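In this note's numbering, the protein residues as written are 18 to 414. Here a beta-carbon is modelled for each residue, glycine too, at the ideal position from N, C-alpha and C. Please read these numbers as outputs of a predicted model, since none were measured by experiment. As structure tokens, the structure follows; a few thoughts come after it.
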């Protein structure tokens with residue numbers, strides 16, 4: 018098995034040949050550098066940029082590839098979680114999923130505009146997998162504007178739309194299922210206690226960030242969570258990346274067109290219609306922290322997504338699309354309040370700030386901003402009405 022501290026020469030010769038498209042006799046001057054990223058997936062061991070000097074005959078040429086190392090979820094980390102949820106999470110956090118996905122060929126048949134990094138090799142052993150991937154560098158230094166997010170949404174819509182309109186869903190056992198509800202359940206399992214913690218809600222940082230009625234609204238959301246999940250589960254199902262937000266999307270120009278290159282396919286699987294576009298908007302704004310107006314990003318992304326669905330032959334009523342988006346956003350994001358518990362513990366505040374690479378006050382501000390955006394959606398979207406689809410609301414072709 019390849020390890021970042023001891024890259025096997027023969028493996029790297031093979032990878033360099035695949036990456037450069039030419040025979041490689043030897044490699045030298047190899048460096049392995051961690052790629053900085055915020056990891057919340059317990060199966061991620063590390064992502065590294067590997068640079069080497071490849072020799073083909075008498076000619077030397079530089080090669081750069083990405084080495085992504087995945088591991089089984091450590092037993093010690095999952096032990097404190099209740100058995101039923103732990104079993105569900107073991108399915109969501111399958112360390113081998115991305116390797117299986119590349120081996121399946123699905124990523125070689127993505128629709129126009131959407132791409133994944135090429136895979137040059139996979140090394141596996143017990144409880145570990147290493148993927149040698151194409152190094153994709155973005156060709157711009159500026160932030161994405163609304164039009165670029167709309168284009169990415171259109172590319173994602175084409176992908177989701179293919180499986181909504183005409184392609185049968187694959188049946189591979191390694192595909193994630195129920196990932197949205199399970200992932201969010203792992204983060205909110207302590208929210209009931211948090212909502213009753215007076216020290217947290219009376220803390221100035223929390224009191225000044227959240228409207229007075231927020232706590233009661235969170236309680237209602239928690240008590241009705243199963244209804245929201247049931248509404249989400251009634252939606253049509255499609256194949257989804259499930260973590261396609263700004264940090265996992267790169268822009269690349271090829272053959273006169275702009276591509277959206279999606280990385281980190283570790284949650285890939287079958288999910289409700291709307292999950293993909295909800296994650297694009299919510300994680301981009303309230304996790305990645307893009308300084309865009311939420312309603313404007315949502316509107317641009319939903320318009321682009323609808324266009325992509327139509328490109329694939331799947332037509333949906335705008336109101337139905339907006340409801341599907343809202344339900345997915347609420348299930349996955351509305352109750353992610355766990356960082357608030359740290360406000361009474363300075364050491365935990367510091368740990369979270371270091372983990373998320375932003376000041377703790379900014380983490381709380383993003384949660385508060387997210388709450389102000391989501392609460393009107395909660396009010397406007399009656400969960401029991403979602404999923405009562407008619408032919409006029411939802412139709413392939």
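Checklist entry - Based on the DSSP output, what are the partners of residue 140 in its beta bridges? => result Partner(s): 147.
Next on the checklist: Extract the residue ranges of the alpha helix (DSSP H) inside the segment 176 to 261, only unbroken runs of 4 or more that lie entirely within it.
Outcome noted: For the segment 176 to 261, whole alpha helix (DSSP H) runs of length 4 or above, ordered along the chain, are 196 to 205, 208 to 212, 215 to 218, 221 to 224, 231 to 240 and 242 to 250.
Item to check | Residue burial classification, residue 335 (beta-carbon count within 10 angstroms, cutoff 16) | outcome: By the beta-carbon neighbour count (other beta carbons within 10 angstroms, threshold 16), residue 335 is exposed.
Checklist entry - Is it right to say residue 54 is buried, meaning 16 or more other beta carbons lie within 10 angstroms of its own, or is it exposed? => result Around the beta carbon of residue 54, fewer than 16 other beta carbons lie within 10 angstroms, which makes this residue exposed.
Item to check | Buried or exposed (CB count within 10 angstroms, at least 16 for buried), residue 100 | outcome: Per the 10 Å Cβ criterion, exposed.
Checklist entry - Can you tell me whether DSSP reads residue 326 as helix, strand or coil? => result Reduced to three states, the DSSP call for residue 326 is helix.
Item to check | Straight-line Cα distance separating residue 115 from residue 214 | outcome: In this model, residue 214 and residue 115 are separated by some 40 angstroms (Cα to Cα).
Checklist entry - Going by Cα to Cα distance, which pick from 356, 378, 351 and 381 is closest to residue 396? => result Of the listed residues, the one whose Cα sits closest to residue 396 is 351.
Item to check | residue 42: first and last residue of the uninterrupted beta strand (DSSP E) it sits in | outcome: That residue, residue 42, is in no beta strand (DSSP E); it is neither H nor E in DSSP.
Checklist entry - How close, in whole Å, do the beta carbons of residue 348 and residue 197 come, if the pair is a contact with beta carbons under 8 angstroms? => result Right, the Cβ-Cβ distance comes to about 6 angstroms (below 8 angstroms), so this counts as a contact.
Next on the checklist: In whole angstroms, give me the CA-to-CA distance for residue 127 and residue 39.
Outcome noted: Using only the alpha carbons, I get a separation of about 25 angstroms.
Item to check | Contact check, residue 152 vs residue 44, beta carbons under 7 angstroms | outcome: Against a cut-off of 7 angstroms, the Cβ pair of residue 44 and residue 152 comes out as no contact.
Checklist entry - Given a threshold of 16 other Cβ atoms within 10 Å of its Cβ, counted over all protein chains shown, does residue 76 qualify as buried or as exposed? => result By the neighbour-count criterion, in which a residue is buried when 16 or more other Cβ atoms sit within 10 angstroms of its Cβ, residue 76 is exposed.
Item to check | Whole-Å CB distance - residue 320 paired with residue 167, under 8 angstroms assumed | outcome: Confirmed, about 6 angstroms.
Checklist entry - Relative to the alpha-carbon of residue 315, which residue among 373, 295, 345 and 259 has its alpha-carbon at the smallest distance? => result It is 295 whose Cα lies nearest to the Cα of residue 315.
Item to check | At least three beta-carbon pairs within less than 8 angstroms, the segment 216 to 230 to the segment 302 to 314 | outcome: With the cut-off at 8 angstroms, the segment 216 to 230 and the segment 302 to 314 do not touch.
Checklist entry - Taking just the CA atoms, how far does residue 259 sit from residue 356? => result One alpha carbon belongs to residue 356, the other to residue 259, and they sit about 22 angstroms apart.
Checklist entry - Under a three-way DSSP split, which group does residue 135 fall into? => result Collapsing the DSSP output to three states places residue 135 in coil.
Checklist entry - residue 342: which of 391, 372, 107 and 370 sits nearest, CA to CA? => result Comparing alpha-carbon positions, the option among 391, 372, 107 and 370 lying closest to residue 342 turns out to be 391.
Item to check | Nearest-angstrom beta carbon gap, residue 230 and residue 361 [assumed within contact, 8 angstroms] | outcome: The Cβ separation is near 22 angstroms, so there is no contact.
Item to check | CB of residue 263 within 7 angstroms of CB of residue 301, strictly | outcome: Yes.
Checklist entry - Can you list, in chain order, the stretches of the beta strand (DSSP E) that have 3 or more residues and sit fully within the segment 267 to 344? => result Counting only runs of 3 or more, we get 274 to 279, 286 to 289 and 331 to 333.
Checklist entry - Which whole-angstrom value describes the C-beta separation of residue 204 and residue 52, a residue pair presumed to lie in contact below a C-beta threshold of 8 angstroms? => result With a Cβ gap of about 25 angstroms, residue 204 and residue 52 do not count as contacting.
Item to check | Simplified DSSP state of residue 404, which is helix, strand or coil | outcome: The predicted model places residue 404 with a pLDDT of 44, which falls under 50 and marks its position as unreliable; any figure quoted below should be read in that light. For residue 404, the three-state secondary structure derived from DSSP is coil.
Checklist entry - Going by alpha carbons, who is nearest to residue 159 out of 369, 268 and 333? => result Looking at 369, 268 and 333, the one whose alpha-carbon comes closest to that of residue 159 is 268.
Item to check | residue 422 (DSSP reduced to helix, strand or coil) | outcome: The chain is shown only over 18 to 414; residue 422 falls outside these bounds and no answer can be derived.
Checklist entry - Fully enclosed by the segment 98 to 126, which alpha helix (DSSP H) runs are 4 residues long or longer? => result Listed in chain order, the complete alpha helix (DSSP H) runs (minimum 4 residues) inside the segment 98 to 126 are 100 to 109 and 114 to 121.
Next on the checklist: Here's the rule I'm using: 16 or more other beta-carbon atoms within 10 Å means buried, otherwise exposed. How should residue 281 be labelled?
Outcome noted: That one is buried.
Checklist entry - Can you tell me whether residue 374 is buried or exposed, with buried defined as 16 or more other CB within 10 angstroms of its CB? => result Counting Cβ neighbours within 10 Å, residue 374 comes out exposed, since fewer than 16 surround it.
Checklist entry - In three-state DSSP terms, what is residue 174? => result Residue 174: helix per DSSP, three-state reduction.
Item to check | Delimiting residues of the beta strand (DSSP E) encompassing residue 71 | outcome: Annotation for residue 71: the continuous beta strand (DSSP E) segment containing it runs 61 to 73.
Checklist entry - Near residue 202, which residues of its chain fall below 7 angstroms by C-beta distance, leaving aside the five closest residues on each side in sequence? => result Taken in chain order, the residues that qualify are 102.
Next on the checklist: The beta strand (DSSP E) that contains residue 81, what's its start and end?
Outcome noted: According to the DSSP assignment, residue 81 belongs to the beta strand (DSSP E) that extends over 76 to 88.
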